[in-house]
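Structure first, then comments.
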Amino acid sequence: MEIHLILLFMIFAGIVAVEVKDLISSLIALSAAGLALSLGFLVLKAPSLAITQLVVEILCVIILIRATINKDLPMVKDGRWFFNTVATVLFIGCFLVFSYFALKELPAFGQPLMRVSGEYLAGGFTQTGVANLVSAITLNFRSYDALAEAAIIFASIIGVLAITRRIGKTNEQ
Amino acid sequence: MNSNSKGMTLIVKTVTRLTVGLILIYGIYIVFQGHIGPGGGFAGGVIIALSFIHLMLAFGKEAVLKKIDQEKYFLFASLGALALLMTLSFGFMRRHQPVSSSGDFGLFSGGLIPLSDIASAVMMASGLFVIFLALTLRTKREKK
């Protein structure tokens with residue numbers, strides 16, 4: 031149910047990102063779609079992929095905003111320093127408070143939660159026949175993770191090839 | 221200075237001729253024992269791609285692109301990705317069941333996991349090398 035809602039939201043955000051005229055608005059819609067994709071990975075029980083998606087999404091959004099903001103919006107540099115400072119301090123305070131409560135929930139150092147990994151350690155070798163438990167976990171128990179990471183790598187290869195292809199190749203043919 | 225198409229000096233070429241086979245074999249070894257010891261498809265694929273890059277840096281791009289050109293490397297990467305998709309999704313459907321077994325600690329003891337290792341190694345090696353080719357050939361083209 032949640033995954034269908036997330037997918038619908040992603041489709042909607044993708045349509046908005048393609049159709050809207052303003053570049054910044056399109057970028058915001060794209061980052062909303064990426065955030066929903068991260069949530070979708072979390073729903074599908076692939077937390078490491080969700081973290082990867084979140085980090086890559088933040089990096090992409092920063093780079094894209096830096097690339098587009100000079101062409102679309104004039105940067106306001108004076109007159110709003112009070113609001114800017116107050117907002118920054120407020121967000122840093124919120125982040126610190128939430129991270130204080132979140133860090134209190136973490137297990138103590140040296141005493142990890144062994145709920146899932148205990149089963150992996152106990153039955154990993156007999157269930158998969160693989161002596162290297164890292165391979166057994168990444169390619170058998172967590173093969174969705176490995177599959178989507180390979181998809182990310184392949185998409186990046188296609189992206190590099192698409193960027194570096196010869197410009198005007200269709201005109202020459 | 222005039223080593224644009226012919227590669228680097230004689231010393232580098234001789235050392236490369238001695239070492240590149242060892243690097244390639246080490247990469248293949250890392251791929252094939254990824255389910256027994258430390259290693260795996262991604263790390264082994266990177267090592268194989270580095271051996272190709274080593275060859276190309278020493279001998280120039282003609283030595284590498286003579287038989288297989290850039291589109292074929294990209295075709296290999298696509299085939300590797302497709303094989304990885306098939307092996308991993310098939311293994312996800314039949315999880316906890318090793319498909320074939322040649323005894324514990326054998327070379328192919330893990331069922332589909334060595335196959336997916338090999339597939340991801342093909343994808344990583346040809347993918348990284350095609351990225352390297354795209355970047356270097358593009359800069360050369362811009363200089364003209």
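Protein chains in written order, with our numbering: chain A, 31 to 203; chain B, 221 to 364.
Glycine is no exception: its CB is placed at the ideal position from the N, C-alpha and C atoms.
request  = Have a look at Leu-244 of chain B and Val-46 of chain A and give me their C-alpha separation to the nearest angstrom.
outcome  = The C-alpha of Val-46 of chain A is placed about 48 Å away from the C-alpha of Leu-244 of chain B.
The stretch 66-94 of chain A: positions lying closer than 7 Å to chain B by Cβ = The stretch 66-94 of chain A vs chain B, Cβ under 7 Å: nothing.
inquiry  = For Pro-77 of chain A and Thr-356 of chain B, what's the separation of their Cα atoms in angstroms?
reply    = Answer to the nearest angstrom: the Cα atoms are 36 Å apart.
query = Comparing alpha-carbon positions, which option in B:Leu-308, B:Pro-334, B:Ala-301 lies nearest Val-187 of chain A?
reply = Reading the sequence as shown, one finds Ile at residue 187 of chain A and not Val. Closest option to Ile-187 of chain A, Cα to Cα, is B:Ala-301.
ask   = Given a limit of 7 Å on CB to CB distance, which residues of the stretch 132-160 of chain A reach chain B?
value = Those residues of the stretch 132-160 of chain A that come within reach of chain B (Cβ to Cβ, closer than 7 Å) are Gln-157, Thr-158, Gly-159, Val-160.
request  = Drop a sphere of 10 angstroms on the beta-carbon of Gly-70 of chain A, count the other beta-carbons inside from all chains shown, and report buried for 16 or more, exposed for fewer.
outcome  = So Gly-70 of chain A counts as buried.
message = Using CA atoms only, rank isn't needed, just tell me which of B:Ile-338, B:Glu-291, B:Gly-331 is closest to Leu-191 of chain A.
response = Nearest of B:Ile-338, B:Glu-291, B:Gly-331 to Leu-191 of chain A, Cα basis: B:Glu-291.
Contact with chain B by Leu-177 of chain A, beta-carbon distance below 7 Å = By this cut-off, Leu-177 of chain A is an interface position.
ask   = Using the beta-carbon count (16 or more within 10 Å), is Arg-172 of chain A buried or exposed?
value = Counting C-beta atoms within 10 angstroms of its own C-beta, Arg-172 of chain A has 16 or more neighbours from the protein chains shown and is therefore classed as buried.
Ala-339 of chain B beta carbon less than 7 Å from that of Thr-307 of chain B = Between Thr-307 of chain B and Ala-339 of chain B, the gap from beta carbon to beta carbon is short of 7 Å.
query = Which word fits Ser-68 of chain A, buried or exposed, when buried means at least 16 other C-beta atoms lie within 10 angstroms of its C-beta?
reply = Classification for Ser-68 of chain A: buried.
ask   = Is it true that the stretch 48-59 of chain A meets the stretch 148-163 of chain A, where meeting means three or more beta-carbon pairs spaced less than 8 Å apart?
value = The stretch 48-59 of chain A vs the stretch 148-163 of chain A: no contact.
request  = Indicate whether the contact test is met: 3 or more Cβ pairs, each with one atom in the stretch 252-266 of chain B and one in the stretch 274-281 of chain B, closer than 8 Å.
outcome  = Pairwise C-beta distances place the stretch 252-266 of chain B out of contact with the stretch 274-281 of chain B, as fewer than three of them are shorter than 8 Å.
task = Give the C-beta separation of Gly-227 of chain B and Phe-279 of chain B to the nearest angstrom, bearing in mind that I take them to be a contact with Cβ-Cβ under 8 Å.
result = 4 Å between Cβ atoms; contact.
Minimum length 4: unbroken alpha helix (DSSP H) runs contained in the stretch 84-135 of chain A = Counting only runs of 4 or more, we get 111-134.
ask   = Around the Cβ of Asn-114 of chain A, are there at least 16 other Cβ atoms within 10 angstroms (buried) or fewer (exposed)?
value = Under a 10 Å Cβ-count criterion, Asn-114 of chain A is classified as exposed, with fewer than 16 other Cβ atoms of the shown protein chains found around its own Cβ.
task = Residues of the stretch 300-311 of chain B with a CB closer than 8 Å to any CB of chain A: list them in chain order, please.
result = If the cut-off is 8 Å between Cβ atoms, the stretch 300-311 of chain B has Ala-301, Leu-304, Leu-305, Leu-308, Ser-309, Gly-311 near chain A.
task = Name, please, each residue of chain A whose Cβ falls closer than 7 Å to the Cβ of Met-343 of chain B.
result = In chain order: Ala-180, Phe-184.
task = Find the residues of chain B that neighbour Ile-167 of chain A, judging by a C-beta separation of less than 7 Å, and give them in chain order.
result = Those within 7 Å of Ile-167 of chain A in chain B number zero; the least Cβ separation is about 11 Å.
query = Are Gly-261 of chain B and Asp-337 of chain B touching if we call contact CB-CB under 7 Å?
reply = Going by C-beta atoms, Gly-261 of chain B is nearer than 7 Å to Asp-337 of chain B.
key: Under 7 Å by beta carbon: chain B residues contacting Ile-187 of chain A   = Near Ile-187 of chain A (Cβ distances below 7 Å), the residues of chain B are Ala-297, Gly-347, Val-350, Ile-351.
Distance between Val-284 of chain B and Ala-176 of chain A (C-alpha atoms, nearest Å) = Put simply, the backbone Cα of Ala-176 of chain A is about 30 Å away from that of Val-284 of chain B.
request  = Under 8 Å by Cβ, that's how I've got Leu-348 of chain B and Ala-269 of chain B pegged, so tell me the actual separation to the nearest angstrom.
outcome  = The C-beta distance from Leu-348 of chain B to Ala-269 of chain B rounds to 4 Å, short enough to meet the 8 Å contact threshold.
Among B:Ile-351, B:Ala-354, B:Met-343, B:Ile-333, nearest to Phe-252 of chain B - alpha-carbon criterion = Of B:Ile-351, B:Ala-354, B:Met-343, B:Ile-333, the smallest CA-CA separation from Phe-252 of chain B is found for B:Ile-333.
ask   = Does DSSP classify Leu-169 of chain A as helix, strand or coil?
value = DSSP, read as helix, strand or coil, puts Leu-169 of chain A in helix.
task = For chain A, find out if any of its Cβ atoms is closer than 7 Å to the Cβ of His-255 of chain B; answer yes or no.
result = Chain A places a beta carbon closer than 7 Å to that of His-255 of chain B, counting this residue as a contact.
key: Short CB-CB distance (under 7 Å) between Leu-191 of chain A and chain B   = Chain B has a Cβ within less than 7 Å of the Cβ of Leu-191 of chain A.
message = Quick check on Ala-185 of chain A: buried or exposed, where buried means 16 or more other Cβ atoms within 10 Å of its Cβ?
response = By the neighbour-count rule (16 or more Cβ atoms within 10 Å), Ala-185 of chain A is not buried but exposed.
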